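Protein chains in written order, with this note's numbering: chain A, 1 to 484; chain B, 1 to 484; chain C, 1 to 484.
As structure tokens, the structure follows; a few thoughts come after it.
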Amino acid sequence: NKNIQNDRKYIKNTNVRVGLPAVCFVWQIAMVVLFGVFIRYDEESDTHWVEFRRENNITSDIENDFYFRYPSFQDVHVMIFVGFGFLMTFLKRYSYGGVGFNFLIAAFGLQWALLMQGWFHSLNPETGKITIGVESLINADFCCAGSLIAFGALLGKVSPVQTLVVALFGVTLFAVEEYIILDLLHCRDAGGSMVIHCFGGYYGLAISWVLYRPNLHLSKRFHGAVYHSDLFAMIGTLYLWMYWPSFNSAITDHGDGQHRTAINTYLALASSVLTTVAISSMSKKGGKLDMVHIQNATLAGGVAMGTAAEFMIQPYGALIVGFCVGIISTFGYLFVTPFLEKYLKLQDTCGVHNLHAVPGMLGGFIGAITAAAATEAVYGAEGLRNTFDFEGEFENRTPGTQGGFQAAGTCVSIAFGLVGGVCVGFILRFPIWADPGDDNCFDDEVYWELPEDEEIVPPVLEYNNHMIHKHQEISESNFSVDQS
Amino acid sequence: NKNIQNDRKYIKNTNVRVGLPAVCFVWQIAMVVLFGVFIRYDEESDTHWVEFRRENNITSDIENDFYFRYPSFQDVHVMIFVGFGFLMTFLKRYSYGGVGFNFLIAAFGLQWALLMQGWFHSLNPETGKITIGVESLINADFCCAGSLIAFGALLGKVSPVQTLVVALFGVTLFAVEEYIILDLLHCRDAGGSMVIHCFGGYYGLAISWVLYRPNLHLSKRFHGAVYHSDLFAMIGTLYLWMYWPSFNSAITDHGDGQHRTAINTYLALASSVLTTVAISSMSKKGGKLDMVHIQNATLAGGVAMGTAAEFMIQPYGALIVGFCVGIISTFGYLFVTPFLEKYLKLQDTCGVHNLHAVPGMLGGFIGAITAAAATEAVYGAEGLRNTFDFEGEFENRTPGTQGGFQAAGTCVSIAFGLVGGVCVGFILRFPIWADPGDDNCFDDEVYWELPEDEEIVPPVLEYNNHMIHKHQEISESNFSVDQS
Amino acid sequence: NKNIQNDRKYIKNTNVRVGLPAVCFVWQIAMVVLFGVFIRYDEESDTHWVEFRRENNITSDIENDFYFRYPSFQDVHVMIFVGFGFLMTFLKRYSYGGVGFNFLIAAFGLQWALLMQGWFHSLNPETGKITIGVESLINADFCCAGSLIAFGALLGKVSPVQTLVVALFGVTLFAVEEYIILDLLHCRDAGGSMVIHCFGGYYGLAISWVLYRPNLHLSKRFHGAVYHSDLFAMIGTLYLWMYWPSFNSAITDHGDGQHRTAINTYLALASSVLTTVAISSMSKKGGKLDMVHIQNATLAGGVAMGTAAEFMIQPYGALIVGFCVGIISTFGYLFVTPFLEKYLKLQDTCGVHNLHAVPGMLGGFIGAITAAAATEAVYGAEGLRNTFDFEGEFENRTPGTQGGFQAAGTCVSIAFGLVGGVCVGFILRFPIWADPGDDNCFDDEVYWELPEDEEIVPPVLEYNNHMIHKHQEISESNFSVDQS
């Protein structure tokens with residue numbers, strides 16, 4: 001049938017039957033071996049904890065770090081798998097790919113993250129072992145977030161094998177830039193405005209730029225939402241929005257650190273919602289709201305507070321951050337994404353530029369300014385030292401200097417994202433990855449067994465359908481319609 | 001095209017392009033200013049916590065209130081945004097409005113709630129500042145819940161600007177009645193049967209009564225569910241149901257208080273499910289279950305335990321409460337809602353009368369009875385004092401007196417709901433709010449950019465559709481069908 | 001109309017209008033009475049806690065068990081109601097039954113579980129009372145899980161009354177086998193590989209085997225997914241996957257016990273995802289992924305770690321477990337389920353054989369091996385004693401002996417599942433339960449009031465539909481199509 005053949009001529013070979021299992025198996029076996037060599041429980045998750053407790057005069061099991069961080073860990077875990085996953089179900093026929101590949105990337109990446117972050121941060125030089133606890137799990141989830149953000153820019157245009165390559169290099173680059181920013185530059189970035197969002201956003205954009213598809217319009221029929229797919233995406237949005245205070249506070253200091261971070265993030269997010277609604281309504285005929293804005297720009301407040309939330313930015317400061325970044329993000333969806341696509345040949349499926357790259361970058365600079373403005377009068381001498389960790393070799397660093405380093409850290413994350421992304425992009429252009437053709441992007445058909453999508457009809461309607469069909473046949477034969 | 005014009009004749013001007021952004025911006029700017037003037041971190045979220053800890057001999061960071069309440073806070077947060085939000089997606093074409101306006105109201109209301117509740121409860125007379133911590137965030141979420149309940153009665157019949165007005169006055173009224181009930185009358189109401197559900201329910205009903213639409217039947221085509229919209233609503237139901245123990249226990253006393261409240265709520269909810277299923281099945285031909293009952297009346301046990309759950313009502317007492325209120329709520333959906341609509345001209349979209357107003361009122365009285373029946377034999381002398389907070393000026397209050405005040409508190413909440421609702425209803429009748437016409441209620445089209453709702457069809461079907469269309473054109477021209 | 005009558009001839013009497021309410025009411029009243037006689041608050045949820053604290057030198061309210069376990073309890077609660085519930089929404093027209101009956105079974109079962117488990121484990125011989133706290137609630141949820149797993153094998157083929165019978169006997173059998181395995185044999189099984197998954201799986205399979213329907217193919221039109229139903233099921237999958245670390249660690253020892261269990265489960269689950277994807281992709285033309293595998297086999301790692309996760313299996317050990325069991329589970333879906341159906345006449349709707357029965361059994365044996373291999377060198381003397389609870393009459397048990405008992409425990413759970421299931425199956429074959437006919441399985445129509453499932457169309461399309469209809473009438477009359 002000619003018509004169908006025409007439709008199919010742009011399709012590349014998308015068979016992943018060898019590649020995908022091979023990568024998964026090789027990778028998982030490598031993980032088993034490397035975990036066997038390197039990874040052990042830390043003193044709080046080892047059966048020797050009872051002795052450790054006694055030796056360190058810890059009075060109660062409740063002071064195990066598990067009880068400080070596990071609830072936040074679970075919230076972060078939900079954000080990674082349900083939040084990011086369902087946020088990417090908005091396309092009418094790529095919901096399986098959105099939530100399913102997100103699942104695959106994260107499960108793949110978190111194992112590699114435990115190793116990479118372990119080597120950089122917690123390798124015991126004597127034993128040669130990395131010890132892990134609940135904070136390691138949170139950091140592994142964070143590390144995957146960078147690659148999931150990048151996936152947002154590529155959604156629908158890459159094969160599952162490519163997503164794993166994105167994750168493999170993404171996690172590796174993340175661990176390096178994180179080491180430079182947090183350890184060498186001694187920046188504070190608990191919620192990851194810089195190391196997660198800014199890096200992840202630019203990483204994804206750079207890859208997408210290299211993978212530009214001039215004929216993507218051939219997949220236009222799949223490039224949009226249907227009523228219920230947008231509602232599934234709202235599940236993702238809301239879980240990200242609700243749990244963002246946990247995301248930012250998950251690894252901040254015990255006590256006031258976690259407490260204050262949660263409050264600031266909560267407020268910034270609330271403020272983002274109002275300005276997003278305002279700009280979205282202003283931009284459309286009749287003041288109608290656009291689901292794309294509500295799903296995404298409302299979250300910008302959380303991204304932009306990733307660095308500064310643990311500082312004494314004050315509640316009104318958090319509101320101001322959310323206010324501004326909600327506006328900026330919505331404007332991004334309205335004007336910048338189309339501009340990027342038209343003039344910079346950059347196709348950004350989920351608009352990660354507006355939700356992660358720019359708010360993350362702004363978050364880094366907001367953090368720099370807030371840090372530079374810190375004073376003993378506000379923080380207290382001890383509070384200042386604790387908050388910025390002015391200890392050891394950094395004992396004499398001033399808030400002003402800290403601010404400079406924070407700003408430098410933001411630039412490092414952008415550089416890593418862009419340069420790393422361009423390199424990974426070129427790797428992904430090799431014609432071996434079974435990516436979809438230009439007319440088959442955003443289509444789950446390519447990588448998923450799809451159910452027959454006919455709704456069950458009650459017998460009466462079935463009967464009617466039958467009759468309509470019969471009637472068509474008759475009338476068609478009568479008029480001898482040309483079918484070419 | 002005449003046909004279409006006819007369809008449109010009932011439509012009012014629903015343009016919110018000026019009003020909605022204006023309200024959002026003005027409001028958010030006001031919040032920034034007021035937060036700047038009034039709101040600061042409390043001692044547990046401030047960097048001075050380390051000094052506070054030392055001064056107060058607090059041995060560990062784990063005794064920061066954050067660790068007592070943050071997991072419950074996050075559960076409450078999920079209830080507010082996903083629970084209430086998705087519960088209101090059950091209509092076939094108002095799911096965006098349900099979940100989206102819920103999101104907007106709550107993000108708008110919680111900021112105002114922090115201020116209002118702060119002025120009444122935690123304004124430091126010396127510094128003129130309100131200090132906030134995790135308990136304030138929980139209370140702010142609670143405060144929004146009242147307005148979200150009211151929104152349930154109005155769902156589909158108001159504009160987004162009107163929802164914000166409902167929230168503005170709702171939060172204000174809430175803070176006042178809460179102050180009267182909890183502080184002046186010294187009632188206990190941790191889970192808010194009185195202050196949240198009873199108030200919110202009657203507030204919404206009163207508004208809806210004033211806004212009665214005699215021609216609402218013109219929107220009948222939108223007034224119902226489709227298969228998947230009811231499934232989305234079940235997400236809301238289940239999250240409300242599962243997290244209700246956290247809702248009721250979030251701000252009760254540390255230790256046994258939170259523990260007992262969670263147990264009682266858990267039991268009452270389980271009991272509600274069984275009686276709801278029983279009545280629902282009895283009421284329909286063939287014993288078929290009705291999703292409206294399952295989605296709503298199963299939650300009545302949580303509402304009705306809002307006051308008494310922290311008392312020693314005993315596990316069997318909790319089961320009895322759930323038992324009765326599940327029956328009452330389901331009967332409400334079967335008989336009272338239709339009665340209210342027909343004879344009292346009260347249109348209650350989500351049936352908040354049956355889920356919040358009545359079970360909340362009953363919960364208030366159950367609390368009164370349980371309090372009046374409290375004895376030292378059961379509670380212990382110290383336990384009785386702690387549970388009812390018989391301290392300071394209330395040192396000599398007896399359980400019997402307390403019961404009387406609890407009952408009085410319930411009446412106060414009803415009065416505030418009804419009177420406040422009528423006033424707000426009249427404000428909402430001004431013809432400036434861009435509310436939908438009678439034939440366009442329950443329709444997302446009015447305030448949302450909707451996606452083209454055509455499912456993607458594989459090439460073969462697309463081809464068939466093409467042919468059907470072609471054939472139609474031909475036959476239409478042949479028979480020259482009249483199109484008027 | 002003949003056509004319709006033919007369709008209906010296999011339908012049995014499915015009227016539950018008397019049976020369902022009767023069971024619910026009788027049951028719920030029995031629960032009220034039994035709770036009244038037996039159940040009270042334990043010392044941590046009673047108002048006397050303040051005295052208990054003082055007497056036992058507990059320094060802070062934070063050491064109330066509530067704060068150790070409540071966050072995990074809520075995660076388990078979500079798994080039971082949303083996880084299991086939505087996992088069973090995958091069928092195109094049985095989503096209400098999946099999530100709704102799951103809700104009913106669990107709410108019904110948890111009350112009975114509190115009593116049954118209480119009688120076996122915490123009946124105070126002096127007072128004759130059972131005292132409950134947060135750990136009891138977790139155990140009650142666990143106890144229901146066994147029956148919910150069994151429901152997975154029966155999904156779509158039983159009436160709601162039958163599901164309650166399954167739960168009634170399921171909970172009873174569970175309490176007995178749990179008592180034998182945990183108390184008499186002194187096995188460790190915190191996450192319930194044996195007592196929950198292995199038992200529940202074989203219980204469901206045995207019932208399903210007895211209830212074999214030779215003409216189930218008559219319901220073939222309902223036996224499959226549609227695009228969005230599979231996406232709803234992914235909500236269930238992800239919540240189970242994310243919260244499984246909480247499931248396994250909810251009742252393990254305070255401190256390192258909970259901490260280590262969460263880490264091991266997290267790793268095993270991640271590993272399962274990769275091997276599931278690999279096998280799923282290898283098995284299909286073009287390497288396409290199958291949603292059934294992704295929804296189910298990815299969870300096998302959590303099931304298989306239910307026993308061993310609290311032991312020092314080491315991180316790489318957890319990865320190996322996930323690796324193997326992901327493969328085994330996916331192979332089960334590919335080959336074993338069709339084999340069972342064809343040759344053993346065993347219809348297993350959700351494939352609980354592959355997700356629960358086999359991984360649970362393997363988990364039991366993995367636990368046995370890990371226990372037998374435990375040494376003081378790895379655990380420390382004190383750690384070994386704490387982990388395996390070698391105290392009291394079991395003081396002198398060696399790890400090797402413990403391993404033997406663990407293996408024996410697994411066999412006990414299989415035996416209870418199979419024998420109990422066969423008995424319950426025969427009870428369910430009495431013709432009094434109003435189960436659906438062979439041509440009406442997997443159809444919500446039978447037990448639910450369903451909404452009219454027509455999407456609302458905007459006026460223009462409505463107009464077009466109108467015209468199409470008109471045109472049909474005309475052409476039909478012209479060609480006088482035979483309608484018989």
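Glycine included, every Cβ here is placed at the ideal spot set by N, Cα and C.
Given the structure is predicted, the values throughout are model-derived calculations rather than measurements.
Beta-carbon proximity check, residue i vs residue j, cutoff 8 angstroms
| i | j | result |
| --- | --- | --- |
| residue 91/A | residue 156/A | yes |
| residue 63/A | residue 58/B | no |
| residue 151/B | residue 171/B | no |
| residue 234/C | residue 162/C | no |
| residue 364/C | residue 194/C | yes |
| residue 448/A | residue 96/A | yes |
| residue 366/C | residue 331/C | no |
| residue 180/A | residue 306/A | no |
| residue 409/C | residue 187/C | yes |
| residue 451/B | residue 225/A | yes |
Residues that residue i bridges to, as DSSP identifies them
| i | result |
| --- | --- |
| residue 131/B | 40/B |
| residue 290/A | 449/B |
| residue 123/A | 130/A |
Endpoints, the alpha helix (DSSP H) within which residue i is located
| i | result |
| --- | --- |
| residue 283/B | 256-283 |
| residue 75/B | 65-78 |
| residue 203/B | 199-210 |
| residue 234/C | 227-249 |
| residue 87/C | 84-87 |
| residue 52/B | 49-55 |
Could I get the ranges of all uninterrupted alpha helix (DSSP H) runs contained in the segment 293-381 of chain C, with 4 residues as the minimum, in chain order? 300-304, 315-331, 337-343, 358-372, 376-379
The segment 234-258 of chain C: which residues have C-beta closer than 9 angstroms to a C-beta of chain A, in chain order? 234, 235, 237, 238, 239, 241, 242, 243, 245, 246, 249, 253, 254, 255, 256, 257, 258
Note down, one range per segment and in chain order, each alpha helix (DSSP H) of at least 4 residues found wholly within the segment 137-182 of chain B. 160-178
Taking any Cβ of chain C, which residues in the segment 384-400 of chain B have a Cβ under 8 angstroms from it, in chain order? Identification of residues in the segment 384-400 of chain B having a C-beta nearer than 8 angstroms to some C-beta of chain C yields 384, 386, 387, given in sequence order.
Name the residues in the segment 99-118 of chain B whose C-beta lies less than 7 angstroms from a C-beta of chain A; which are they? 99, 100, 103, 104, 107, 108, 110, 111
Give the residues from the segment 280-298 of chain B that approach chain C closer than 7 angstroms (Cβ to any Cβ), ordered along the chain. 281, 282, 284, 286, 287, 288, 289, 290, 291, 294
Could you list the residues in the segment 13-24 of chain B with a C-beta less than 9 angstroms from some C-beta on chain A, going in chain order? 14, 15, 16, 17, 18, 19, 20, 21, 22, 23, 24
Taking the runs of the alpha helix (DSSP H) that are 4 residues or longer, which of them lie wholly in the segment 421-447 of chain C? none
When Cβ atoms are compared, which residues of the segment 62-85 of chain B fall closer than 7 angstroms to chain C? 62, 63, 67, 68, 71, 75
Looking at chain A, which residues of the segment 264-278 of chain C have a Cβ within less than 7 angstroms of any of its Cβ atoms? 266, 270, 271, 273, 274, 275, 277, 278
For the segment 324-337 of chain C, which residues have a CB atom closer than 7 angstroms to at least one CB atom of chain B, in sequence order? none
Using Cβ-Cβ distances below 8 angstroms, what residues of the segment 40-57 of chain A are close to chain C? Within the segment 40-57 of chain A, the qualifying residues are 40, 41, 44, 45, 46, 47, 48, 49, 50, 51, 53.
Chain B contacts made by the segment 128-154 of chain C, where a contact means CB separation under 7 angstroms: Contact annotation: in the segment 128-154 of chain C, residues whose CB is within less than 7 angstroms of a CB in chain B are 132, 133, 134, 137.
Relative to chain B, which residues along the segment 23-38 of chain C have a C-beta separation below 7 angstroms, given in chain order? From the segment 23-38 of chain C, only 24, 25, 27, 28, 31, 32, 35, 36 have a Cβ closer than 7 angstroms to chain B.
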